[in-house]
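Participant:
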Amino acid sequence: MREALRAPLRAPFPSRAREARARRGKARLLRAGGRSKPWPTPGSLRRRGGGAASSPAPFSSSVRGQEARGWRAVSPTLAGKMLLSLVLHTYSMRYVLPTALMMGTAPTYVLAWGAWRLLSTLLPARVYHEVDDRLYTLYQSMVLFFFENYTGVQIILYGDLPKNKENVVYISNHQCTVDWIIADMLAVRQNALGHVRYVLKDGLKWLPLYGWYFSQHGGVYVKRSAKFNERKMRNKLQAQIKAGTPMYLVIFPEGTRYNPELPKTIADSQSYADKAGLAVLKHVLTPRVKATHIAIDSMRTYLDAVYDITVAYEGTVDQKGQRKVAPSMTDFLCKECPRIHIYVDRIALKDIPEEQMYMRRWLHERFEIKDKLLIEFYDAKDSKRRNKFPGKCVRSKLSLKKTLPSLLFLSGLTVGMLLTESGRKLYVKTWLYGTLLGCLWVSVKA
Numbered sequence: 001m002r003e004a005l006r007a008p009l010r011a012p013f014p015s016r017a018r019e020a021r022a023r024r025g026k027a028r029l030l031r032a033g034g035r036s037k038p039w040p041t042p043g044s045l046r047r048r049g050g051g052a053a054s055s056p057a058p059f060s061s062s063v064r065g066q067e068a069r070g071w072r073a074v075s076p077t078l079a080g081k082m083l084l085s086l087v088l089h090t091y092s093m094r095y096v097l098p099t100a101l102m103m104g105t106a107p108t109y110v111l112a113w114g115a116w117r118l119l120s121t122l123l124p125a126r127v128y129h130e131v132d133d134r135l136y137t138l139y140q141s142m143v144l145f146f147f148e149n150y151t152g153v154q155i156i157l158y159g160d161l162p163k164n165k166e167n168v169v170y171i172s173n174h175q176c177t178v179d180w181i182i183a184d185m186l187a188v189r190q191n192a193l194g195h196v197r198y199v200l201k202d203g204l205k206w207l208p209l210y211g212w213y214f215s216q217h218g219g220v221y222v223k224r225s226a227k228f229n230e231r232k233m234r235n236k237l238q239a240q241i242k243a244g245t246p247m248y249l250v251i252f253p254e255g256t257r258y259n260p261e262l263p264k265t266i267a268d269s270q271s272y273a274d275k276a277g278l279a280v281l282k283h284v285l286t287p288r289v290k291a292t293h294i295a296i297d298s299m300r301t302y303l304d305a306v307y308d309i310t311v312a313y314e315g316t317v318d319q320k321g322q323r324k325v326a327p328s329m330t331d332f333l334c335k336e337c338p339r340i341h342i343y344v345d346r347i348a349l350k351d352i353p354e355e356q357m358y359m360r361r362w363l364h365e366r367f368e369i370k371d372k373l374l375i376e377f378y379d380a381k382d383s384k385r386r387n388k389f390p391g392k393c394v395r396s397k398l399s400l401k402k403t404l405p406s407l408l409f410l411s412g413l414t415v416g417m418l419l420t421e422s423g424r425k426l427y428v429k430t431w432l433y434g435t436l437l438g439c440l441w442v443s444v445k446a
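Under full-length UniProt numbering, the first residue of the sequence shown carries the number 1, and numbering increases by one thereafter.
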């Protein structure tokens with residue numbers, strides 16, 4: 001009878017010391033990198049029926065069993081996490097090889113161009129530009145290999161892109177750094193890739209090797225607002241005309257990128273339009289007219305047309321229907337954009353006003369049209385009309401024949417240079433001295 005009365009006083013749970021040891025064991029397992037199966041507690045054992053906890057001894061053996069099973073569970077869990085981390089890291093690093101090859105071949109390209117520049121000193125400017133355009137085609141074809149063939153992006157064209165070469169001013173909405181490549185994508189389909197030249201913001205002239213060369217290829221660096229040097233831009237363009245240089249001049253009239261994560265920039269642009277009595281735009285910024293006016297005014301008799309380009313990157317809307325940031329070059333090379341939609345509107349010069357005041361309103365009207373196209377693309381109430389522009393479309397695929405030979409040729413030359421000690425020295429010196437001399441040149445000339 002006494003034993004029966006005493007029996008309930010023996011708690012069917014482990015002592016406090018054992019509970020403390022159990023907690024310490026669980027903490028060690030968690031520090032090891034994996035979460036084991038839930039550790040048995042007095043409450044959990046009581047919910048299970050308490051059969052295994054009728055005495056302290058069986059519980060101790062249960063703890064040892066759980067500990068053993070816990071250690072066996074940690075290794076696969078930890079290995080799985082490591083494997084997942086490796087996969088994600090590899091996925092995010094898919095841009096490394098393309099970037100390394102594009103930048104790694106830059107010294108080789110600059111050396112080839114520099115040699116031609118010296119040889120052509122006594123030749124007519126037209127001859128220099130013809131070969132320079134061929135060299136530029138070679139390099140940009142390699143760039144397109146990565147941005148089109150490697151990524152597998154689908155290019156969907158709308159509107160009226162001519163098949164033949166033309167001297168044009170190309171105006172487009174601006175969302176991200178990939179916009180520069182879009183001009184290449186269209187030009188290569190007209191066999192005009194070497195003719196692409198840019199109006200660039202002034203800070204880009206300090207890019208190692210590239211900044212200097214873009215100016216040599218006919219690019220124009222401009223500063224914003226009051227610092228804009230109109231005379232310098234006119235002189236540069238008129239020199240190109242005098243040399244008979246084919247012109248595919250790319251301008252982004254917004255002056256900066258449309259970025260949904262910078263609402264103040266968008267609000268300031270809309271406020272400016274409202275104060276100027278212009279339509280407030282939703283998916284593009286208010287365009288600035290000065291560079292566009294100078295380009296068209298300086299080359300009006302030389303140009304065949306103006307291309308008005310509207311670009312939309314598929315996959316740039318979140319689950320709430322709000323626009324996201326368009327992909328950067330690294331995002332794009334990581335294959336995060338499945339399709340690019342490009343609407344082309346070819347405008348005859350006779351339909352463009354000459355006076356800057358009237359051209360400002362004309363340019364804003366063109367951006368109103370862009371805005372309506374993008375509203376249809378992003379915000380159409382009918383889901384079937386979203387993620388596409390109105391009208392007929394053509395899926396255009398770039399052949400490897402136009403890109404792969406350039407990649408093999410430039411990478412082969414670069415590897416050949418790096419295989420010899422003298423070649424490696426020349427390669428490093430080109431990066432170093434080419435950058436220094438280039439920065440010195442653009443600080444004076446560009």
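We put the CB at the ideal spot given by N, CA and C, even for glycine.
My parser needs the alpha helix (DSSP H) runs of 4 or more residues fully inside the stretch 140–226; what are they?
Facilitator: For the stretch 140–226, whole alpha helix (DSSP H) runs of length 4 or above, ordered along the chain, are 179–188, 210–216.
Participant: For residue 447, list the residues DSSP reports as bridge partners.
Facilitator: Within the shown structure, residues of the chain are numbered from 1 to 446, placing residue 447 beyond reach of any answer.
Participant: Put L122 into one of helix, strand or coil per three-state DSSP.
Facilitator: Indexing the sequence shown from 1 puts residue 122 at position 122. L122 falls in the coil class under three-state DSSP.
Participant: Mapping the DSSP letters down to three states, classify E424 as helix, strand or coil.
Facilitator: For the purposes of this step, residue 424 is taken as the residue at position 424 of the sequence shown. A quick correction: the sequence has Arg, not Glu, at residue 424. R424: helix per DSSP, three-state reduction.
Participant: My parser needs the alpha helix (DSSP H) runs of 4 or more residues fully inside the stretch 225–297; what are they?
Facilitator: You should have 230–242, 263–275.
Participant: Between I156 and I340, how many whole angstroms is the CB-CB distance? I'm expecting something under 8 Å.
Facilitator: Counted from its first residue, the sequence shown places residue 156 at position 156. Counted from its first residue, the sequence shown places residue 340 at position 340. I156 to I340, Cβ: 7 Å. Contact.
Participant: For V306, does the three-state DSSP call read helix, strand or coil?
Facilitator: Mapped onto the sequence shown, residue 306 falls at position 306. The answer is strand: DSSP assigns V306 an E or B state.
Participant: Near K445, which residues of its chain fall below 6 Å by C-beta distance, leaving aside the five closest residues on each side in sequence?
Facilitator: In the sequence shown, counting from the first residue as 1, residue 445 sits at position 445. Contacts found: none.
Participant: Counting only beta-carbon atoms, is C337 nearer than 8 Å to chain C?
Facilitator: Here chain C cannot be found, since the structure has a single protein chain.
Participant: Just list the residues that DSSP pairs I347 with in beta bridges.
Facilitator: Locating residue 347 in the sequence shown gives position 347, counting from the first residue. In DSSP, I347 forms a bridge with V306.
Participant: Under a three-way DSSP split, which group does residue 457 fall into?
Facilitator: Outside the displayed range of the chain (1 to 446) lies residue 457, so it cannot be described from this structure.
Participant: Using only the alpha-carbon positions, how far apart do G152 and Q319 sit?
Facilitator: Translated into the one-based positions of the sequence shown, residue 152 becomes position 152. Translated into the one-based positions of the sequence shown, residue 319 becomes position 319. Their backbone Cα atoms lie some 24 Å apart in a straight line.
Participant: To the nearest angstrom, how far is the alpha carbon of T256 from that of E421?
Facilitator: On the sequence shown, position 256 is the one that residue 256 refers to. On the sequence shown, position 421 is the one that residue 421 refers to. Taking the straight line from one Cα to the other gives about 44 Å.
Participant: Three Cβ pairs or more, each shorter than 8 Å: is that satisfied between the stretch 406–418 and the stretch 93–108?
Facilitator: Because the criterion of three Cβ pairs below 8 Å is met, the stretch 406–418 and the stretch 93–108 touch.
Participant: When DSSP labels each residue in this structure, what does S396 get in the three-state scheme?
Facilitator: Here residue 396 corresponds to residue number 396 of the sequence shown, with the count starting at 1. If DSSP states are grouped into helix, strand and coil, S396 belongs with the strands.
Participant: Quick one: Cα of E376 to Cα of T265, how far?
Facilitator: Locating residue 376 in the sequence shown gives position 376, where the first residue counts as 1. Locating residue 265 in the sequence shown gives position 265, where the first residue counts as 1. Between E376 and T265, the C-alpha separation is close to 23 Å.
Participant: Grouping DSSP H, G and I as helix and E and B as strand, with all else coil, what is R117?
Facilitator: Your numbering for residue 117 matches position 117 in the sequence shown. Residue state, collapsed to three classes: helix.
Participant: Between G277 and S269, what straight-line distance do the alpha-carbon atoms span, to the nearest angstrom?
Facilitator: The residue you call residue 277 lines up with position 277 of the sequence shown. The residue you call residue 269 lines up with position 269 of the sequence shown. The alpha-carbon atoms of G277 and S269 are separated by roughly 13 Å.
Participant: Confirm the yes/no value for this check: CB of K370, any heavy atom of the ligand ZN, distance under 7 Å.
Facilitator: For the structure depicted, the ligand ZN is absent and the ligand set is empty, with no information on it obtainable.
Participant: Select from F367, C439, L144, A239 the residue whose C-alpha is nearest the C-alpha of D345.
Facilitator: Residue 345 sits at position 345 when you count from the first residue of the sequence shown. Nearest of F367, C439, L144, A239 to D345, Cα basis: F367.
Participant: Near V394, what residues of its chain come up, given a Cβ to Cβ distance below 7 Å and the 5 sequence neighbours on each side ignored?
Facilitator: For the purposes of this step, residue 394 is taken as residue 394 along the sequence shown, with counting starting at 1. Taken in chain order, the residues that qualify are L157.
Participant: Count Cβ pairs between the stretch 163–170 and the stretch 293–313 that sit closer than 8 Å; are there 3 or more?
Facilitator: They touch, by the three-pair rule.
Participant: Which same chain residues, not among the five before or five after R288, have their C-beta less than 6 Å away from its C-beta?
Facilitator: Counting from one through the sequence shown, the residue named residue 288 turns up at place 288. Excluding sequence neighbours, R288 sits near P253, G255.
Participant: Could you check what DSSP says for V317 in three-state terms: helix, strand or coil?
Facilitator: Taking the first residue of the sequence shown as position 1, residue 317 is located at position 317. Strand, per DSSP.
Participant: Using a 10 Å radius around the Cβ and a threshold of 16 neighbouring Cβ atoms, would you call N173 buried or exposed?
Facilitator: What you label residue 173 is simply residue 173 of the sequence shown in a count that begins at 1. Buried: at least 16 other Cβ atoms inside 10 Å.
Participant: Express the C-alpha separation of A192 and E365 in angstroms, rounding to a whole number.
Facilitator: Counting from 1 along the sequence shown, the entry for residue 365 is found at position 365. Counting from 1 along the sequence shown, the entry for residue 192 is found at position 192. Approximately 28 Å, taken between the alpha carbons.
Participant: How long is the line joining the alpha carbons of L436 and R323, rounded to whole angstroms?
Facilitator: Looking up residue 436 in the sequence shown gives position 436. Looking up residue 323 in the sequence shown gives position 323. Between L436 and R323, the C-alpha separation is close to 41 Å.
Participant: Once DSSP output is grouped into helix, strand and coil, what is the label at R323?
Facilitator: Translated into positions along the sequence shown, residue 323 becomes position 323. It is a strand residue.
Participant: Got a sec? Which residues, its chain only, sit under 7 Å from M299 by beta carbon, not counting five neighbours each side?
Facilitator: Position 299 of the sequence shown, counting from 1, holds the residue named residue 299. Once the five neighbours on either side are set aside, the close Cβ partners of M299 are L237, I241, M247.
Participant: Whether or not the stretch 356–364 and the stretch 173–184 are in contact is what I'm after, with contact meaning three or more pairs of Cβ atoms, one per stretch, closer than 8 Å; do they touch?
Facilitator: In short, these stretches do not touch, since the Cβ pair count stays below three.
Participant: Let me confirm a value: S61 is counted as buried when at least 16 other C-beta atoms fall within 10 Å, else exposed. Which label applies?
Facilitator: Start at 1 with the first residue of the sequence shown, and residue 61 comes out as number 61. In this prediction, S61 scores a pLDDT of 45, lower than 50, which makes its location untrustworthy; the coordinate-derived value is nonetheless stated afterwards. When all chains shown are included, S61 counts as exposed.
Participant: Given a threshold of 16 other Cβ atoms within 10 Å of its Cβ, counted over all protein chains shown, does V188 qualify as buried or as exposed?
Facilitator: For the purposes of this step, residue 188 is identified with residue 188 of the sequence shown, where counting begins at 1. With 16 or more other Cβ atoms within 10 Å, it is buried.
Participant: So S396 and S141 are in contact, right, with Cβ under 8 Å, and what is the actual spacing, rounded?
Facilitator: Position 396 of the sequence shown, counted from the first residue, corresponds to residue 396. Position 141 of the sequence shown, counted from the first residue, corresponds to residue 141. Actually they do not touch by this definition, with Cβ atoms about 16 Å apart.
Participant: For T99 and L161, what's the separation of their Cα atoms in angstroms?
Facilitator: For the purposes of this step, residue 99 is taken as the residue at position 99 of the sequence shown. For the purposes of this step, residue 161 is taken as the residue at position 161 of the sequence shown. Taking the straight line from one Cα to the other gives about 30 Å.
Participant: Taking 6 Å as the limit between beta carbons, can you name the residues of its chain near T137, skipping five residues before and five after?
Facilitator: Residue 137 sits at position 137 when you count from the first residue of the sequence shown. The residues are L193, G194.
Participant: Going by C-alpha to C-alpha distance, which of G438, Y433, C334 sits closest to R94?
Facilitator: For the purposes of this step, residue 94 is taken as the residue at position 94 of the sequence shown. It is C334.
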